[in-house]
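These notes are about the structure you will find just below.
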Amino acid sequence: MKDMNPNGLEAVHAYWQAANYLSAGQIFLKANPLLREPLQAEHIKPRLMGHWGTCPGLNLVWAHCNRLIRNTGMRLVFIAGPGHGAPAVLSCAYLDGSFTEHYPAVTEDAEGMRLLFRQFSSPGGMPSHVSPLTPGSLHEGGELGYCLSHAFGAVFDDPGLVAVCVIGDGEAETGPLEGSWKSIHFLHPQRDGAVLPILHMNGYKIASPTILGRYSNDELIKKFSGEGYAVRIVEGSDPEDVHGHMAAAMDEAYDRIISIKRSAGKEFNSHEAGWPLIILKTPKGWTGPETLSGKQVEGSFRSHQVPLEEVKHDDIELAALEKWLRSYEPEKLFDPAGKLTAPAASNIPPAALRMGNSPYANGGNNPQPLRLPETNRYRINAHPPGTRKASATKEVGKFLRDVFVENREHNNFRLFCPDEASSNKLDAVFEVTSRCSMLPVHGPDEHIGPEGRVFEVLSEHLCQGWLEGYLLTGKHGLFATYEAFAPITDSMLTQFAKWLKGCRDTP
19 MKDMNPNGLE
29 AVHAYWQAAN
39 YLSAGQIFLK
49 ANPLLREPLQ
59 AEHIKPRLMG
69 HWGTCPGLNL
79 VWAHCNRLIR
89 NTGMRLVFIA
99 GPGHGAPAVL
109 SCAYLDGSFT
119 EHYPAVTEDA
129 EGMRLLFRQF
139 SSPGGMPSHV
149 SPLTPGSLHE
159 GGELGYCLSH
169 AFGAVFDDPG
179 LVAVCVIGDG
189 EAETGPLEGS
199 WKSIHFLHPQ
209 RDGAVLPILH
219 MNGYKIASPT
229 ILGRYSNDEL
239 IKKFSGEGYA
249 VRIVEGSDPE
259 DVHGHMAAAM
269 DEAYDRIISI
279 KRSAGKEFNS
289 HEAGWPLIIL
299 KTPKGWTGPE
309 TLSGKQVEGS
319 FRSHQVPLEE
329 VKHDDIELAA
339 LEKWLRSYEP
349 EKLFDPAGKL
359 TAPAASNIPP
369 AALRMGNSPY
379 ANGGNNPQPL
389 RLPETNRYRI
399 NAHPPGTRKA
409 SATKEVGKFL
419 RDVFVENREH
429 NNFRLFCPDE
439 ASSNKLDAVF
449 EVTSRCSMLP
459 VHGPDEHIGP
469 EGRVFEVLSE
479 HLCQGWLEGY
489 LLTGKHGLFA
499 TYEAFAPITD
509 SMLTQFAKWL
519 KGCRDTP
């Protein structure tokens, strides 16, 4: 590795190496966390669980986000679409000190590292996926497809916030994710924050190649530029090259976001703005074992979960694991006590800006209660019975209209609906707001404009995802649907309910 100090990349690389080491350690080790002695079978967990393949990519993005935060002071929230890569998110939160602040027993030393490893995917410990227990998280990534809608929901009505959303190329095959690319057409450059999607293309799912992984770079650029994005591709397997290109891509994305937000005027057209999108193409299971028993592991589906499944009982695999872990040179990354050393430690942002301790992933920054009008104002007098016509949903529309009015000061309420506000007789809301659209408005259009607070798109998944991201960052909203179409988001709502329960049970 050449000296990368001129661009601050030596610290980024060291941080990435440390995060990769901790990620692998969580999957395999229960003892000997710093390899102070030769690796033995008794140091290996009795049951190996976790997903290695996506971790190096997540760690790379987090490390470069830290660099961007240090250089610009930007407020970022990190959303890991591949939530099964929890070891990466936990590792990065541990390295920046956020994890220890939430869990003081997991100290920043060898004993704390041992606890970090032991409790991953263990009863009473940390789940195999990102969860409410994970510092800095608001997205699980279990049932795939919702990370990008959560990211946009999180930045609505928070103009200074940027959500960095890592999307796996497997998740990109889902219907909800495919629909989520259109969210830029609802993003107001002054009123809202911004989303930086990073499509992490490592080419494989659990056992088969991804569809986008077989696209050429030219085809990828055409596809996503057609969606309205300015695409930058970062590709490679040499860490030095990838760090250099990734740093340039992140800097360019930052400059583009700032430029769009500063220059957007009344004629703003979201399809022409060119919101940034980074496509990161690195090997699946990068830096892990290259081969095993003559078969390719790194850069193949075999690295998706646990690449050395028989390590506790197979001396060849045990030796391969030790070689893999020692390749990160933990003795240089951590001091004799087990604390992170320079240069990796210099890649940690200021305490208030660490992504592992983001207030936006913990109920929002200064959330305000929702003001509600007195419900008796909308009561229908039905006496004597049978003497007047009335509609329950029309009255609800009037109620929602007044909710918008009551909360104008904080602008923290939105209505999400799959093109049903009028058909469900909620039209009264259009007396005080309109349907949001950052695309051109044509002559026949009614109640449509960039300042609207009603979000209508013909995707129940997108409506629900926006709402979830909006709520989890401390704002308020309503998803209007009815019994014929509500089942579309049944499993999505179940996962959200599980998340809320986890939040309630987490101190």
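Here the working numbering is used: position 106 in the sequence shown is 124, and no number is missing along the way.
Just so it is clear, CB atoms sit at the ideal spot from N, CA and C, and this is done for glycine as well.
Proximity of the stretch 213-223 to the stretch 127-145 falls short of the contact definition, fewer than three beta-carbon pairs being nearer than 8 Å. Contact between the stretch 190-201 and the stretch 473-483 is present, with at least three C-beta pairs closer than 8 Å. For L433 and F417, the gap between their C-alpha atoms comes out near 12 Å.
Under a 10 Å Cβ-count criterion, Q35 is classified as buried, with 16 or more other Cβ atoms of the shown protein chains found around its own Cβ.
Judged by their CB atoms, A106 and L86 are not nearer to each other than the 9 Å cut-off. Out of R406, P64 and L40, the CA that lies nearest to the CA of L358 is found in L40. Annotated three-state conformation of Q314 is strand, per DSSP. Assignment of beta-bridge partners to R432 by DSSP yields G495.
Around I239, the same chain offers V249 as residues with beta carbons nearer than 7 Å, after the five sequence neighbours per side are excluded. Between H31 and P257, the CB-CB gap stays under 9 Å. A straight line joining the alpha-carbon of S281 with that of D269 spans about 18 Å.
CA-to-CA, the gap between F497 and G211 works out to about 21 Å. Contact fails between the stretch 515-524 and the stretch 452-466, because fewer than three Cβ pairs, one in each stretch, are under 8 Å apart. In this structure, the beta-carbon distance from L66 to E327 falls below 9 Å.
If only complete runs of 3 or more residues are kept, the stretch 377-463 shows the beta strand (DSSP E) at 431-435, in order along the chain. Under DSSP, H218 forms a beta bridge with G186 and L298. Around the beta carbon of Y222, a 10 Å sphere encloses 16 or more other beta carbons of the protein chains shown; the residue is thus reported as buried. Of all alpha-carbon atoms in E196, S155 and A337, the one lying nearest the alpha-carbon of G374 is that of S155. Bridge pairing for L47: I62 [DSSP].
Look at the beta carbons and you see the stretch 308-317 not touching the stretch 37-53: under three pairs across the two are nearer than 8 Å. Three or more beta-carbon pairs drawn from the stretch 160-169 and the stretch 188-197 are found closer than 8 Å, and the two stretches are therefore classed as touching. The Cβ atoms of Q137 and V148 lie no closer than 9 Å to each other. Shown here, R209 sits in coil according to DSSP, grouped into three states, outside any helix or strand. With 16 or more other Cβ atoms inside 10 Å of its own Cβ, E189 counts as buried.
In this structure, C435 keeps its C-beta atom at 9 Å or more from the C-beta atom of T524. Y247 sits in a strand when the DSSP states are folded into three classes.
Per DSSP, the beta bridge partners of V472 are L433 and R453. Nearest Cα to G171 within the set V459, N430, T512 and E464: N430. Distance between S116 and T152, taken at the CA atoms: about 10 Å. Between the beta-carbon of S140 and that of G68 there is about 11 Å, and that puts the pair past the 8 Å contact cut. Straight through space, the alpha carbons of G142 and S364 are spaced by roughly 33 Å. Around the C-beta of R419, 16 or more other C-beta atoms lie within 10 Å, and the residue is accordingly described as buried. For I275, the enclosing alpha helix (DSSP H) has its first and last residue at P257 to S281. Under the three-state reduction of DSSP, F503 is assigned to coil, being neither helix nor strand.
DSSP places F135 in the uninterrupted alpha helix (DSSP H) bounded by A128 to Q137.
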